[in-house]
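Here is the structure we will look at, set down as structure tokens.
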Amino acid sequence: MGIARLVLAGLAALAFVVLIVIGVLSLIGSLGSGAETDPSAAPTTTTSPADASSTASATAERVPTVLVECLREHCPTVFLKVTGGDVLLDREMAKGEQFQSFDPKVDVVLADSAAVRVQVNGTVRAPGGAGERQEFTVSRNR
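Numbering (my numbering), first residue to last: 1 to 142.
Structure (structure tokens):
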């Protein structure tokens, strides 16, 4: 009876290790797949002057409602939430990291408004003072 318990405990430990290895391999695979995309490999297209107006309107539609970019090595907590809906971002950011939302109305809370650059509908918002907390809501321009 004692040996059976030891074998069962050993099998449980082995199953636990196998699950951890599978999880780590899955995580490495998902992180590695994003790094392989090369933006320079995107096809280029040329447009005629007649297509310029339609291209300009398509570009205007692609401007995010809000874009937040971290300017320092470490940016304190940035919180973005669809008004009355889901939380989009609630974490610290690293230098150069960006987050954008195309949702119609977004609540924004910045722990240090001087650490980030915020664009609202393509226009840069004036930064606050160092260490200043800011809370505001942005709406999509139509």
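We put the CB at the ideal spot given by N, CA and C, even for glycine. The structure displayed is predicted, hence computed values, not measured ones.
Per DSSP, what kind of secondary structure is S139 in: helix, strand or coil?
-> Locating residue 139 in the sequence shown gives position 139, where the first residue counts as 1. Strand.
In three-state DSSP terms, what is F16?
-> On the sequence shown, position 16 is the one that residue 16 refers to. In the structure shown, F16 falls within a helical segment according to DSSP collapsed to helix, strand and coil.
Beta-carbon contacts of M93 that lie in its chain and below 6 angstroms, excluding the five residues immediately before and after | The count along the sequence shown starts at 1 and reaches residue 93 at position 93. Answer for M93: C70, C75, V78, listed in chain order.
For V63, name the three-state secondary structure that DSSP assigns.
-> Along the sequence shown, one-based indexing puts residue 63 at 63. Reduced to three states, the DSSP call for V63 is coil.
Where does the unbroken beta strand (DSSP E) through D90 begin, and where does it stop?
-> Residue numbering aside, residue 90 sits at position 90 when the sequence shown is read from its first letter. Taken as a continuous stretch (DSSP letters only), the beta strand (DSSP E) holding D90 covers 87 to 94.
Candidates T123, I22, V116: closest to P64 by CA position | Locating residue 64 in the sequence shown gives position 64, counting from the first residue. Looking at the Cα atoms, T123 is the closest of the given residues.
Whose CA, out of D103, E97, G128, F102, lies closest to the CA of D112?
-> As a first step, residue 112 is located in the sequence shown; it is residue number 112 there, counting from the start. For D112, the nearest C-alpha among the options comes from G128.
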